[in-house]
Structures are given as structure tokens and as C-alpha cells.
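J.: Chains A and B, in that order, give the protein sequences. Positions 0 to 636 (numbering that gives the first Met the number 0) are the ones given, in order, by the first sequence. Positions 0 to 470 (numbering that gives the first Met the number 0) are the ones given, in order, by the second sequence. Where a beta carbon is used, it is the ideal one built from N, C-alpha and C, also for glycine. Keep in mind that this is a model prediction, so the values were computed, not measured.
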Amino acid sequence: MAQNVSYLGMIPLLPLIGAAVVGILHLATCKKKRLPDQLYAVLACSTPILTFVLAVKVFFDLNGLPVDGRALTHEVFTWFEVGEMNISMGFLADPLSSLMLLFVTFTASLIHIYSIGYMAGDESFAKFFAYLNLFLGSMLILVLGNGPVVMFVGWEGVGLCSYLLISYYSEDRSNVLAGNKAFIVNRIGDFGFVLGMAFLFWAIGDSGFDYISLKTNAHMLAPATVTLVCLLLFVGATGKSAQIPLYVWLPDAMAGPTPVSALIHAATMVTAGVYMVARFSFLYVHVPTVGLIVAWTGILTALVSAIYGMFQNDIKKVLAYSTVSQLGYMFAGVGLAAYSAGIFHVFTHAFFKALLFLGAGSVIYALHHEQNIWKMGGLKTKLPLTYKTMLIGSLALAGCPPFSGFFSKDEILYSALASGHTGIWVVGVLVAGMTAYYTFRMIFVVFHGSPRDAHAYEHAHEPPAVMTVPLVILAIGALFAGFLNLPSLFGGSQQVTHWLAPSLAEHAHEASHSIEIIAIAASVAAFAIGIFIAYRKFGKGAEEPVYSGFSSFAYHTFRINELYDVLFVRPYKAIGSAIGNLIDAHVTDGPVQLIVWFYRQFGSTFKLLQVGYVRVYAIYMIIGLSVMSYLLTQSFK
Amino acid sequence: MNCDIVFLLPLFIVTIGAILLMLLSAFESIRLEVASALSVGIFALAFLVQLVPIGLTDVLPFVSIFNGMLAVSDFTRIASMIIIACGLFTAMSAISYFRQNNFGSLEFFSLMTFAVSGMLLLTMAQELITVFIALETVSLSIYVLVGYNRRNVLSSEAVLKYLILGAFAGGFFAMGIALVYGALGDTGFAAIAASVSRDGLLHNPALAGGLLFILFALFFKVTVFPFHSWVVDVYDGAPIPVTGFMATALKTAIIAVLANVLLLAGDIRESWLDMLFYLTVLTLFAGNLIAIGQNSLKRMLAASGIVHTGYLLIALIAVSGDQFSGSVILYYLAAYAASTLGIFASLSYLSGTDEKRKEFNDFSGLAKVRPYSAAAITIFLLSMAGIPPTAGFMGKLYIIVTAYQGGHVILAVLGIVSSILSMWYYLRLIIAMYFHEADDLFETSGSRSAPVCAFILAICVLALSLYPVAI
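#1: When the Cα atoms are used, what is the spatial distance from L257 of chain B to I618 of chain A?
#2: Quick one: grab the DSSP three-state call for L71 of chain A.
#3: Can you check which of these residues, B:P450, B:A124, B:V33, B:S116, is closest to S72 of chain B by C-alpha distance?
#4: Which first and last residues belong to the alpha helix (DSSP H) in which M150 of chain A is found?
#5: What does P225 of chain B touch in chain A if you count any residue whose Cβ is under 8 Å from its own?
#6: Report the residue from B:E135, B:A34, B:H202 whose alpha carbon sits nearest the alpha carbon of M21 of chain B.
#7: Check W201 of chain A in the structure and name its three-state DSSP category.
#8: Could you tell me which of B:A25, B:L440, B:I29 sits nearest to S350 of chain B, measuring between CA atoms?
#9: Got a sec: is the Cβ-Cβ distance from Q37 of chain A to anything in chain B below 8 Å?
#10: Anything in chain A within Cβ reach of S270 of chain B, meaning under 9 Å, just list it in chain order.
#11: Would F605 of chain A pass as an interface residue toward chain B - the criterion being a Cβ-Cβ separation below 8 Å?
#12: Comparing the C-beta of G611 of chain A with each C-beta of chain B, is any distance below 8 Å?
#13: Given a cut-off of 8 Å, decide if V430 of chain A and A553 of chain A are closer than it, judged by their beta-carbon atoms.
#14: What whole-angstrom Cβ distance do W248 of chain A and I423 of chain A have, given they're in contact under 8 Å?
#15: Among all the DSSP beta bridges, which residues are the ones paired with M84 of chain A?
#16: Could you pull out every residue in the same chain whose Cβ sits closer than 6 Å to the Cβ of Y168 of chain A, ignoring the five residues on either side in sequence?
#17: Distance cutoff 8 Å, beta carbons only. Does M84 of chain A sit that close to anything in chain B?
#18: With distances taken between CB atoms, is the gap from L8 of chain B to V48 of chain B smaller than 8 Å?
#19: Are the C-beta of K220 of chain B and some C-beta of chain A separated by less than 8 Å?
#20: At a Cβ cut of 9 Å, what residues of the region 71 to 82 of chain A count as close to chain B, listed as they run along the chain?
#21: Taking buried to mean at least 16 other C-beta atoms within 10 Å of its own C-beta, is L153 of chain B buried or exposed?
#22: Is it true that the CB of Y328 of chain A sits closer than 8 Å to the CB of H712 of chain A?
#23: So, do the region 20 to 38 of chain A and the region 94 to 112 of chain A have three or more beta carbon pairs nearer to each other than 8 Å?
#24: Taking all protein chains shown into account, do 16 or more other C-beta atoms lie within 10 angstroms of the C-beta of S393 of chain A, making it buried, or fewer, making it exposed?
#25: When we look at the beta-carbon of G376 of chain A and count the other beta-carbons within 10 Å, is it buried (16 or more) or exposed?
#26: Reducing DSSP to helix, strand and coil, say where Q592 of chain A ends up.
#27: State yes or no: is the beta carbon of N62 of chain A nearer than 8 Å to at least one beta carbon in chain B?
#28: Would you mind giving the Cβ-Cβ distance between S339 of chain A and V495 of chain A, rounded to the nearest angstrom? I have them listed as a contact below 8 Å.
#29: Should M0 of chain B be flagged as near chain A, meaning a C-beta pair shorter than 8 Å?
#30: Between L164 of chain B and V613 of chain A, how many whole angstroms is the CB-CB distance? I'm expecting something under 8 Å.
#31: Please find out if some non-hydrogen atom of the ligand NAP comes closer than 7 Å to the beta-carbon of L249 of chain B.
#32: So, with DSSP's three-state summary, where would you put V21 of chain A?
#33: Considering only their Cβ atoms, is the gap separating A18 of chain A from G136 of chain A smaller than 8 Å?
#34: Please state whether DSSP places S449 of chain A in a helix, a strand or coil.
#35: Using a Cβ-Cβ cut-off of less than 7 Å, give me the residues of the region 342 to 376 of chain A that come near chain B, in sequence order.
#36: Which chain A residues are close to K160 of chain B, counting only those with a beta carbon under 8 Å from its beta carbon?
Shown next, in the form of C-alpha cells:
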């Protein structure tokens, strides 16, 4: 049975309190005397660290329980109760959410600390940290929520914070538009989520709408309902986790400050979709067809965005497309019911992608907000620590053994091969090679060769310790996190998979070691080929290429944005203006105005009754009493 | 026996506090702020004592002394808490008001505290003469408060109207008591309940007539159509804090008495169901229609108070007497009180010298000059209009759901329709504040206490919506 522990409620509450305190202090003082930034920094950084401590406690508390009973719950209050719908604001920590909890609070703590350096001197330093804390609180609600409704609260909360932080530099209109785009595209996904949730509630919601009850009652669902619910929930996931066709917002989201890209748009929020599919694994496992759709969507997203990634000039765009691509891998994993492999990739990806973004942040910081890789070069002598840590991150991303990314990505590819989905496997290996290529293209162009902009190069210097220490810690994580789930082939015992097992409805794909060796060999070969080509082209310095033909097409991301503009945005706007200018003005407005007119007349007539004379009011009362008395006498008959 | 004193302690604290404040008024050197702080302290203390739970069933404290004239339960306890909180916030925001309107004096706070003590007694009263005495305690204090600004013609006119009509209604109440006594030889609620459940209400015409008169007087106080006409003029003439106090605390107390009387025995409510139904519908729509025509904010709020009474009547009709917990009614009253007090606190602060700003147009562009005040007012208005995520929404939702479950589908539908109609005048102020240009600087006295009230109440309005009640 699940244990009730009250400190669970504190975990999301702490960052929310932090956000409120920092936000209110900022609002109260921003127009007068500014409080010192250090105060805000201490306030804002203490909450993620405290939540991390609590997350560790959750982990050990769970570890102390028997495997089947590993669940901690806490119901804070009944949120609403209408008819059969009884929703409580409650939290659930089981192995899956505890793993998410650990790395979310861990990376969030480091990124909060890093931001102290990165955002130093910013006009509204405190506002940034208030948003960041608010984000963390919402993310923890998402992860810890005990049912779909509470998860949705967090889901919307992180969406809001993502919007606020993408548009953070709001003086620039394009940043604001990027925030709008992220928000609107996410709404499309959310619509799917809400519909899926509604169907699920309609089907089995009246006997409890939290994960534990849903899991117990899932067998009562008709297969068609499961298919529909899973598809709709996946639509939600494609929005939040930037998959085809809704991935277009994530590259634009890079308009936000770099720590935001690291925390929200790489390590935590964008993996919420994967988490959600894993959360609902008890449904997805019954509909392999939907799983296949998920997996193919994922792997195609991985392919397409890897192609884009090979032709980008902006260092953050390269990383953004690589995030989309890695998210694709995760969906391929969870789609093939290898939930623990997908979640494990979420876990390792958080380390190395946060590391890469923060490293990119250091480069951008050192070069005074230059993001074009073709204006960089030779920085390894100027930024030795950043170089080394980013190199570790890149090796992890590219899947070089024994870095963390290798193990997690390989587990996904291996499950694809073992379950007989050769097509997905082939594309996956291809993408692995492309990943190695674009990652090292970035490393070679930025850090090797000779400086392309001598002036910026001269002034570049390593950022302060508050920024480099998180880099080093994340680099250690990126290096070793993979060993936590070492497969038996290498003498490991797959601890993460075993840890997650009680939360997930997983099919283990039993296959021989020879298949596993084939999978590993193919991945390593793809990695080697990718890095070799990158070295040949960029290793010794290269000039900015002129894109033409296919490369130009890929640079412009296959003109998907323009296509969406023509297919959806413009028709939508046209319909909107038609309704607004024609139907609303000429069709619906007439009756509405008529009602308004009647209503106003009625109102003025009634106002006339308020004559203001006491005698008249007394007469009203007497009339009223007489009628009441008459009614009373009538009832005596 | 030890507990009995705790149950009555809030009443004692408030009454003793009122007397104390009246004595203090003799000293000229004491400033208004001190009296306000003192009354806030009294209310806070009473509120804290009131937190001690009682239970759903009636407890008769000191039976040997009071002979069952008073009864307390969780229903009266929560109602008392709402009343005390109304007093507390009114005392706080009155200070900001008197900074700009110089007719304040120490007796104001004493009278208000007396009114609260009468209201507490009203919620507990289980006997008609006690009800009458409590009602008159409240009324006398409020008459004086309404006419507190002696130099203002409107204020004097208001108190005269209220006094005359109030005396008129009070006469009916006394007559009602006489009839009931004539019929039963007793004025206790228990005796009435016993007689009605034994023989039925209509068996005894004198009893039915007497109760009708009593209902009439209570309906007058809570502005049920067609006994509502006084409310617009009186609310308009009274000083802003008093208007807010009347609209919230007085309504809570009278609704508590109404619930106590109507739910005494199933037959009382059943026999008058048709009459109550028509009165409710008329109250809802009369209130809305009067509110639409108003240009003054105070008059609009007065008229909208009639609508809220309509909602409370829906709840009174729909709840079943057998398992009455009053939670729906109390939730609505709390939500309504928080929003209304919030608006009046904001007005106390913003209305300026001699209440110069009280029309819709006077608040044009407030959001551009005082964004926080405008935001707070918006929260209160949205709550009164019943838009989520505010307490007002949840209150209306519960009432409509109760009506639906009780089989009063027509009332539920009309409740929704009335809620839509009410958008007209609530949104009108929001539009004025946000979409019009400001031609006023909205200078204020700078007193902090009313804005603090408004801030706390805005939080309450949002926080209350998170706490549901069991229907």
C-alpha cells in the first residue's frame, strides 16, 4: 500500500513560495530602491537546492520500501468535487517520478546557480529568478501530480513559464513573437491532452481519477477507447516535447536566455511528453499500433531535425535541433514499449544537453552575445575549461562509449532491433551518425582552427566560477550517468531499469547477446563515421559555407514554417477576419443589439419604480404582503 | 458547562468591547486610529475564539439560565465568523475613509461593534422575542451609522427612509410574535417546530399568519422583492464603509435567522414553496433590472445585492431541512462578503474627499493610474459576477447544483440566466477601468489600511475558491 508522507507537498510548494517571495519583493521595490541582486540570488537558489535534498530523501524512503509497495502519496486537499468527479490536489512519488524528481531538481539547482553569473547585471534580475522558481514549482507539480488533472496543472504552468521566459528580452519584437508561437503551438497539443483526459474520465473516471485507480481500472476500457485516449494524449506530447508536426516552436524558443534553454527547452520541460507516455504506459502497452505511431513519429522527427542540425549557423539552433532529435529517440523508445530505455535517455540527456547549453552559454557570454558559430573559432585556448566540459557533453550526445549518451541511446536502438523493428533501427543508426557529425562540426568550428573574429577572440575570457562549477559538475554527470544502467553485456545489472520496473508496464525484449553486439557495433561505427567526416570538413578550420540547393533547403528547415503559414496560419486568419468583419458585424450583432436595447429599456422602466418616496415604497410592501397573504389564504382551502 | 462559556465568549467579547469603546469615546484625546485598532483587536479575538468547532447539532448553552433561548452549532459559528470578519474589515477600511471625509468620530466604531454583537445574537436566537431584541439592537446601531454624516442631505434622507420603513417592518414583526403567542402560548422555535410537525402549518391560521408577518419583516431586511425598494436609496446615502457593512454583515445575520425559521420544520418551507419560488425569481430579475439602469457604483452594488439575496433564497428553497448543514449558504455568504467588502474597501480608499468619485465614469482609466487597485476591484467584480477561479463562481456553482439536485431545475436555469445578465453591470466597471483613458489622477489620502484590506480580501476570494464544501 502507498504510504502517506506529508513532506511530499513541500516539494512543489517550496519553489512556488520562492517565486512569490522573489516576485513580490521585486514588484515592491523595482520602482524605488533596488534590493541587491545577491539577496535574490540566495533566495532563488535555496529553493531548488532544498527540493533536491527532499528529492534525495524521497529516493531513500522509496528504496527502504519493498519493491511492490514503492509509492509515497500525500493528498493536500480536495480540490473540487462535482458529481462523480472528485479531484484532490495530491502527489504521488513512485520510482518513475522519483527519478524525474532527482534529475529535475539537480539540474535546476545547477542552472539556477549558473544563472547568477549569466544574468548578472540584468535589469530585472529578480523577475528572471521568480519565473525560474515558478517554472520549477510547476514542473514538480507535473512530475509529482497523482493524476492527470494535477499533471495538467503543472503542464500548463510550465507552458506559461516557458512563454514568459522565451519572451524575456521583450524589447525585441521577434522574441515576443517566438514566445507567442511557443504558446500557441503548445495550445494545439494541450487540446489533445484535454480531450484525451476527458475521454479517459468519461470511460473510467467515476471510480477514481488518479494514476493508481486508473491503473487498476484500465482493464475495463474498450480497446477503441484506449486507442483514442492514447492517440490524443500523444498529440499533447507532440506539442510539449516538440515532435512532428508541432516541433516548430522549439528552435524559435532559443530566443530566451541560455540558462532557460538549458533548463526548460532541453533538460526538463520538453521531456514532459515522454514522461507522460511512460506514466500512461499501462494504457499504451495495450495498443502496440499507437505505440508504433509514436515510435515512427519520434524517429522521423529525429531524422528530420538531425538534417536541419547539420546546416545551422547559430550555436543554440544546432543544440535546439539536436534536442528535438534526441526527444525523437526517446519517443522511439517509449513507442516500442521500452519505457525504461526512453526514460533513461531522458535522464542522461538532461545532463549532457544541459551541459552543452550551459557551455554554449559560456561561449556566448565570453563573446558578448555572439551566437553565430562562423564568427567564432580557436576558442579552446581562451576557454579551456568550457572546451573540455563541452567536449565531454558532445561525446555523450554523439554516443561515444563509455559516455552516458552511448548507453541510453544504444538501449533504445537495441530494443528497436530486438523487437524486430528494423526500419526504426536503421533510421536510428543513421541519425546517430548525423548527430556525431553536427555535434563535432560545432565543436571544430567553435573551438578549433583559427579565430574568425580577431577582436572578439582577444576579449574572450573564461566566465566566473559560479558558471564554470556547474559545468564541471554536469560534465561529471554526463560522463558517468550511463553506468547507472549498465547492461549485462558489460557486466552491469541495469539498475535504472530495475528501479523503474514497478512504475512501468514494460515488455522485456529478450534477445541474444549477438544482436546486442550488432547494435552496439553499428552505433559505434555510425559515431566514428560521423566524427570522421566532421573532422575532414571542419577539423582544420573552414570558412562559412554558402548554402545552395539541398543544403539551403535544409538550412531553411525545409521551409516548414512557410508551409504552415500558408496551410494553417493564413487561412485561420482569413476565417477569423471573415467571422469578425462579416458574420459578427452583419449576422449575429443584430439580434444581440436588439436584446441589449430591450434590456436597457427594461432597466430604465424598472428604474422608474424607484421613485424615492417612502410612501410609495411602503405601498409596494403592502401590496407584496397582501399578495402573500392572499396566497396563504388560498392554501387553506 | 465549561464549554458553554466558550460558545458564548465571542458574543461577550464583542459586547464588552462595544461598551468599552463607547466609554472611551468620552475621551477627546484618543485618536480614530486607536479606536479602529481596538475594534480590530476585539474582532480578531472574537474570531479566534470562534474557531473552536461545535458540531452540526444544536447545543443549548446555559440551558438553566437562558431556557433554550440561544442555540449554537457549526452553522451559527461560521455565520458568526463571517459577521465578525465583516466587522473587522469594515473597521480597518473605515480609517482610510475618514481620512478624506472628516465626520468620523470614536462612536462610529462603538456603534459598529454593538451592531455586530446584535448580529451574533441574531444567529443564535431560538426564540422570537430574542430575535426581536437582537434585530432592534442591530437596527438602532445601523440607523445611526447610516445617518452618520449629518451635514449630508443624502445621508439624512437615507436614514429617515430606512427608519420609517424599518419601523413599519418592525411593527409587523411584533404583530407576528403576538399572533404566534396567541396561537401557541409560546414564542420558542422549539414549540413552533413541535406544533407544525404535529398538526401541519395550515392547521393553525394564527400561527401561519404570524409566521408570515415575521417572514415579511425578515424579507424586508434582506431586500427580497417587493420589499427591496429602500435599499438603493439607503445604500447610496450611507457612508461607504457602512454600506459595505450593511451589505455583508447584516445580510449574513438575517439570512441565518431566515434559515433557522424556514427550516424549523419541513412543513413551513413546503407550505410556502410556491410563494418563495415566485419571490426568488422576482428578486433575481428585479435586482438585475434595477442594477442595469444605475450610473452610480453604490446604487449598482445595492441593486446587485438584491440579486445575491435571490441566490441565497434559491439555496434556502433547495436545501433539505432534514440534513441541513448550511454549508452552501454559508459558502455563498462568505464569498459574497469577501468580494463586497473588498469593493467597498477599495471605494473607501479611492472615492476621495466627500465621496466625489462614485459613478462608473469616475473610475475611467483607473487601471492606467492605479493598476493594483484596478486589479483588485476586477477580482472582486469577477467574483460577484461568478467567473472562475473566484469564490463567487464556486458559490454560485454550489447553489445551482443544489437547486438542480433538489429538483428545482427552473430555479437552477434562472440562476444561470441571472448570472449572465449580471455581467452587464459588473463588466461595465471593468471596461471603464481598463479600456478608457484616465482624466483623473486618483489622488488618495495615502492611508494604507483600506488597500491592505483589499489585498487580503482579494487573496481570500481566490483562496476560498480552492476550498470546496460538501453539498
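T.: So, from the data block:
#1: In the second sequence, the residue the question calls residue 257 of chain B occupies position 258. In the first sequence, the residue the question calls residue 618 of chain A occupies position 619. In a straight line, the C-alpha of L257 of chain B is about 24 Å away from that of I618 of chain A.
#2: As a working mapping, residue 71 of chain A is identified with position 72 in the first sequence. L71 of chain A falls in the strand class under three-state DSSP.
#3: Looking up residue 72 of chain B in the second sequence gives position 73. Closest option to S72 of chain B, Cα to Cα, is B:A124.
#4: Indexing the first sequence from 1 puts residue 150 of chain A at position 151. Judged by DSSP secondary structure, M150 of chain A falls within the alpha helix (DSSP H) whose first and last residues are 147 to 165.
#5: Position 226 of the second sequence, counted from the first residue, corresponds to residue 225 of chain B. The contacting residues are Y619, M620, I622, G623.
#6: By 1-based counting over the second sequence, the position of residue 21 of chain B is 22. Measuring from the Cα of M21 of chain B, the nearest candidate turns out to be B:A34.
#7: Numbered from 1 along the first sequence, position 202 holds the residue referred to as residue 201 of chain A. Residue state, collapsed to three classes: helix.
#8: One-based indexing of the second sequence puts residue 350 of chain B at position 351. Comparing Cα-Cα distances from S350 of chain B to each of B:A25, B:L440, B:I29, the minimum goes to B:L440.
#9: By 1-based counting over the first sequence, the position of residue 37 of chain A is 38. No, Q37 of chain A lies away from the interface with chain B (no Cβ there is under 8 Å from its Cβ).
#10: On the second sequence, residue 270 of chain B is found 271 positions in, with the first residue counted as 1. Those within 9 Å of S270 of chain B in chain A are L631, S634.
#11: Within the first sequence, residue 605 of chain A is the residue found at index 606, counting from 1. With 8 Å as the cut-off, F605 of chain A counts as an interface residue toward chain B.
#12: As a working mapping, residue 611 of chain A is identified with position 612 in the first sequence. Yes, G611 of chain A counts as interfacial toward chain B.
#13: Working through the first sequence from its first residue, we reach residue 553 of chain A at position 554. Working through the first sequence from its first residue, we reach residue 430 of chain A at position 431. Their beta carbons are not under 8 Å apart, which means A553 of chain A does not touch V430 of chain A by this criterion.
#14: Here residue 248 of chain A is taken as the residue at index 249 of the first sequence, counted from 1. Here residue 423 of chain A is taken as the residue at index 424 of the first sequence, counted from 1. 25 Å between Cβ atoms; not a contact.
#15: Indexing the first sequence from 1 puts residue 84 of chain A at position 85. Its beta-bridge partners are A:V81.
#16: The sequence position of residue 168 of chain A within the first sequence is 169, counting from 1. Excluding positions up to five away in sequence, the list reads N174.
#17: Here residue 84 of chain A is taken as the residue at index 85 of the first sequence, counted from 1. Judged by the 8 Å Cβ criterion, M84 of chain A is not in contact with chain B.
#18: Taking the first residue of the second sequence as 1, we reach residue 8 of chain B at position 9. Taking the first residue of the second sequence as 1, we reach residue 48 of chain B at position 49. Result yes, Cβ atoms of L8 of chain B and V48 of chain B sit closer than 8 Å.
#19: Residue numbering aside, residue 220 of chain B sits at position 221 when the second sequence is read from its first letter. Not one chain A Cβ lies under 8 Å of K220 of chain B.
#20: F76, T77, W78, F79, E80, V81, G82
#21: Working through the second sequence from its first residue, we reach residue 153 of chain B at position 154. Classification for L153 of chain B: exposed.
#22: This structure leaves residue 712 of chain A out entirely; chain A is present only between 0 and 636.
#23: With the cut-off at 8 Å, the region 20 to 38 of chain A and the region 94 to 112 of chain A do not touch.
#24: Translated into positions along the first sequence, residue 393 of chain A becomes position 394. It counts as buried.
#25: Counted from its first residue, the first sequence places residue 376 of chain A at position 377. So G376 of chain A ends up on the buried side.
#26: The sequence position of residue 592 of chain A within the first sequence is 593, counting from 1. Helix.
#27: Taking the first residue of the first sequence as 1, we reach residue 62 of chain A at position 63. No, because no Cβ of chain B sits closer than 8 Å to the Cβ of N62 of chain A.
#28: Walking along the first sequence from the start, residue 339 of chain A turns up at place 340. Walking along the first sequence from the start, residue 495 of chain A turns up at place 496. The Cβ separation is near 6 Å, so the contact holds.
#29: For the purposes of this step, residue 0 of chain B is taken as the residue at position 1 of the second sequence. Annotation note: pLDDT 46 at M0 of chain B (below 50); position unreliable, coordinate value reported separately. Answer no: the Cβ-Cβ gap between M0 of chain B and chain A never drops below 8 Å.
#30: For this step, residue 164 of chain B is matched to residue 165 along the second sequence. For this step, residue 613 of chain A is matched to residue 614 along the first sequence. Contact between L164 of chain B and V613 of chain A holds: CB atoms are separated by about 6 Å, below the 8 Å threshold.
#31: Looking at this structure, you won't find the ligand NAP or any other ligand, since it has none at all.
#32: Counting from one through the first sequence, the residue named residue 21 of chain A turns up at place 22. Note: V21 of chain A maps to helix in three-state DSSP.
#33: Within the first sequence, numbered from 1, the residue matching residue 136 of chain A stands at position 137. Within the first sequence, numbered from 1, the residue matching residue 18 of chain A stands at position 19. Result yes, Cβ atoms of G136 of chain A and A18 of chain A sit closer than 8 Å.
#34: The count along the first sequence starts at 1 and reaches residue 449 of chain A at position 450. Here S449 of chain A sits in coil by DSSP.
#35: none
#36: Here residue 160 of chain B corresponds to residue number 161 of the second sequence, with the count starting at 1. In chain order, V613, Y616 make up the part of chain A whose C-beta sits under 8 Å from the C-beta of K160 of chain B.
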